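Report on the structure given below.
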Amino acid sequence: MKIIEEELAIGWKQFTISNDHGMTAKALNYGGIIKEINVPDKHGQVENVVLRYQNDEDYLKDPNFFGAVIGRIAGRIDRSSFSMNGENYELEANDGEHHIHGGSEGFHTKVWETETFQEEDRAGLTLIHKSPHMDSGYPGELTVKVTYQLNNNNQLLIDYQAESSHDTVLTLTNHTYFNLSGNLEHSILDHEVKIPSRQFLELDDHLIPTGTIRSVAGTPFDFRIPAPLRTGTQSSYDQNMIAKSGYDHYFLFDHIKKNTIEVRDEDSGRKLTIHTDQPGVVLYTSNNLTDEYQLAGRQSSKYSGVCFETQSSPASLHHEGLPSVKLKAGDRYTQQTSFIFITEGSADHGIS
Numbered sequence: 036m037k038i039i040e041e042e043l044a045i046g047w048k049q050f051t052i053s054n055d056h057g058m059t060a061k062a063l064n065y066g067g068i069i070k071e072i073n074v075p076d077k078h079g080q081v082e083n084v085v086l087r088y089q090n091d092e093d094y095l096k097d098p099n100f101f102g103a104v105i106g107r108i109a110g111r112i113d114r115s116s117f118s119m120n121g122e123n124y125e126l127e128a129n130d131g132e133h134h135i136h137g138g139s140e141g142f143h144t145k146v147w148e149t150e151t152f153q154e155e156d157r158a159g160l161t162l163i164h165k166s167p168h169m170d171s172g173y174p175g176e177l178t179v180k181v182t183y184q185l186n187n188n189n190q191l192l193i194d195y196q197a198e199s200s201h202d203t204v205l206t207l208t209n210h211t212y213f214n215l216s217g218n219l220e221h222s223i224l225d226h227e228v229k230i231p232s233r234q235f236l237e238l239d240d241h242l243i244p245t246g247t248i249r250s251v252a253g254t255p256f257d258f259r260i261p262a263p264l265r266t267g268t269q270s271s272y273d274q275n276m277i278a279k280s281g282y283d284h285y286f287l288f289d290h291i292k293k294n295t296i297e298v299r300d301e302d303s304g305r306k307l308t309i310h311t312d313q314p315g316v317v318l319y320t321s322n323n324l325t326d327e328y329q330l331a332g333r334q335s336s337k338y339s340g341v342c343f344e345t346q347s348s349p350a351s352l353h354h355e356g357l358p359s360v361k362l363k364a365g366d367r368y369t370q371q372t373s374f375i376f377i378t379e380g381s382a383d384h385g386i387s
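Taking my numbering, the leading residue of the sequence shown gets 36, the next gets one more, and so forth.
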């Protein structure tokens, strides 16, 4: 296990974490961006399985949030406002009349302080950021720590911790786009996905949750049994059509803790298992990704990657009965999501 720190020409720090089995992950102190995850396929070919820009400068104006830490609130806030403790808070409208992913100066744009660690069986770094009271309109001075840790089980863990001086709202996530084919060999449409969820949040035409909870049964949103993502991208189901023929929806997990998502790419033999203690996940199939970006691998295109944004729901600020994003002063926010990569050989190790 080892971690190497280097200074990039753009002035940021890049950290490369390696385990003893050839897996590596690269992260930046800018935005906490996960820049690469390199793992072998069934033939032993080690390739990058996340989307990244060819040029680091492109991260400075990135509408796609590639690999970044998202906060203070991951997701959209209806009409860019919310009320708490009798006070109304107005946020930046950076998605039409709505607020998305913490605003144009959210955590994805910050240069984080860093601390590294290296031990026999794990290595990684902790990113630290202090967000002042009323930063981007959010109450409370907030101290945030995000730790990336790689071990010899080919597991990348992300731990989130935060505390606020005032009652506030918070739900953090990571916006990495996965493509298990390796180096963007093909799209994610044939990636087979399993999500332990019976329900998802309905969206309106502006991708804002209506507050209605729909059943996945009998729809392209039923991933309780593994299904390819093209099931939804080729569907005429109204919720897929609203999301530009794809998914951009919050799935409510069946269990409060310890939920597992599985993703498999048959051609490469790569399988990703995601464990999280969060109450739900936004499944996003890069429906808004255009062909104007030069990625490391090839030109960007729709369906180049898929995000699994584990988090609570900001829709809870306007609708009851949803996983809350409220954080009381002095309470500690904690969250963990991990990503385990395996390679399926000739034996049948498919998703069960």
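Glycine included, every Cβ here is placed at the ideal spot set by N, Cα and C. Computed from a prediction, not measured in an experiment: that's the story for all the values here.
task = Can you tell me which of the three DSSP states Ser200 falls into?
result = DSSP places Ser200 outside both helix and strand once states are collapsed to three, so it counts as coil.
message = Please report the distance separating the alpha-carbon of Glu301 from that of Arg157.
response = Rounded to whole angstroms, Glu301 and Arg157 show a C-alpha spacing of 29 Å.
query = Apart from the five residues on each side of it in sequence, which residues of its chain come closer than 6 Å, Cβ to Cβ, to Lys337?
reply = Only Leu324 meet the Cβ criterion.
query = Do Gln274 and Phe288 have their C-beta atoms closer together than 9 Å?
reply = Not closer than 9 Å, so no.
query = In whole angstroms, what is the alpha-carbon distance linking Thr211 and Leu160?
reply = Whole-angstrom Cα-Cα distance: 17 Å.
inquiry  = I'd like the list of long-range same chain contacts for Ile260, defined as Cβ closer than 8 Å, with 5 residues on each side in sequence excluded.
reply    = Cβ neighbours of Ile260 within its own chain (closer than 8 Å, five residues either side excluded): Lys229.
query = So Pro314 packs on Pro244, CB below 8 Å; how close in whole Å?
reply = Pro314 to Pro244, Cβ: 14 Å. No contact.
ask   = Hey, quick one: how far does the beta strand (DSSP E) through Asn186 stretch, first residue to last?
value = That run of the beta strand (DSSP E) goes Leu177 to Asn186.
task = Name the residue from Tyr124, Glu154, Tyr195 and Asp113 whose alpha carbon lies nearest to the alpha carbon of Ile25.
result = Nothing can be reported for residue 25, as the shown portion of the chain is limited to 36 through 387.
task = Rounded to whole angstroms, what's the CA-CA distance from Ser199 to Glu148? Just pull it up for me.
result = For Ser199 and Glu148, the distance between alpha carbons rounds to 18 Å.
inquiry  = Is it buried or exposed, Asp283, if we count other Cβ atoms within 10 angstroms and call 16 or more buried?
reply    = By the Cβ-count criterion, Asp283 is buried, with 16 or more other Cβ atoms from all chains shown falling within 10 Å of its own Cβ.
With 16 other Cβ atoms within 10 Å as the buried cut-off, status of Gln81 = Residue identity differs from the one stated: residue 81 is Val in this sequence, not Gln. Answer is exposed; the Cβ neighbour count stays below 16.
ask   = Quick one: complete alpha helix (DSSP H) runs, 4+ long, within the region 262 to 296?
value = With a minimum length of 4 residues, the continuous alpha helix (DSSP H) runs that stay inside the region 262 to 296 are 265 to 268 and 273 to 277.
message = Please state the DSSP three-state secondary structure of Ser216.
response = Looking at Ser216 - three-state DSSP - the assignment turns out to be coil, as it is neither helix nor strand.
inquiry  = Quick check on DSSP: helix, strand or coil for Ser359?
reply    = The three-state reading of DSSP puts Ser359 in coil, since its state is none of H, G, I, E or B.
message = Could you check whether Leu318 and Leu86 sit closer than 9 Å to each other, using their CB atoms as the reference points?
response = For Leu86 and Leu318, no; Cβs fall outside 9 Å.
ask   = Alpha carbon to alpha carbon, how far is Arg249 from Arg233?
value = Cα to Cα, Arg249 sits roughly 9 Å from Arg233.
message = On the DSSP bridge list, what partners appear for Asn189?
response = Answer by DSSP bridge pairing: none, since Asn189 is not bridged.
message = Run through the DSSP bridge pairs and tell me what Ile105 is partnered with.
response = Thr208.
message = Measuring alpha carbon to alpha carbon, tell me which residue in Ser53, Arg111 and Ser303 is nearest Gln190.
response = That would be Ser53, whose Cα lies nearest to the Cα of Gln190.
query = If you run the structure through DSSP and keep just helix, strand and coil, what is His384?
reply = With a pLDDT of 40 at His384, under the threshold of 50, the modelled position of this residue cannot be trusted, and the question is left open.
request  = Please report the Cβ distance between Leu362 and Val179, rounded to the nearest whole angstrom; I am assuming they are in contact, meaning their Cβ atoms lie under 8 Å.
outcome  = Not quite, the Cβ-Cβ distance comes to about 11 Å (not below 8 Å), so this is no contact.
query = Residues bridged to Gly315 by DSSP?
reply = Residue pairing from DSSP places Gly315 in a beta bridge opposite Leu287 and Gln346.
inquiry  = I'd like to know whether the C-beta atoms of His133 and Arg107 end up nearer to each other than 9 Å.
reply    = Not a contact, by the Cβ cut-off of 9 Å.
task = May I have the straight-line CA-CA distance separating Ser321 from His136, to the nearest angstrom?
result = One Cα belongs to Ser321, the other to His136, and the distance between them is close to 15 Å.
ask   = Do you know offhand how far Asp239's Cα is from Asn99's?
value = Roughly 21 Å separates the two Cα atoms.
ask   = Can you name the residues that DSSP bridges to Gly88?
value = Rather than Gly, the amino acid found at residue 88 in this sequence is Tyr. In the DSSP assignment, Tyr88 forms a beta bridge with Leu330.
message = Using C-beta distances below 7 Å, list every residue in its chain close to Thr345, excluding the 5 sequence neighbours before and after it, in chain order.
response = Cβ neighbours of Thr345 beyond the five flanking positions: Thr208, Thr311, Gln313, Val316 and Thr372.
query = What are the boundary residues of the beta strand (DSSP E) that Gly246 is part of?
reply = Counting along the chain, the beta strand (DSSP E) containing Gly246 begins and ends at Pro244 to Ser250.
query = For Ser351, which three-state DSSP category applies?
reply = Helix, per DSSP.
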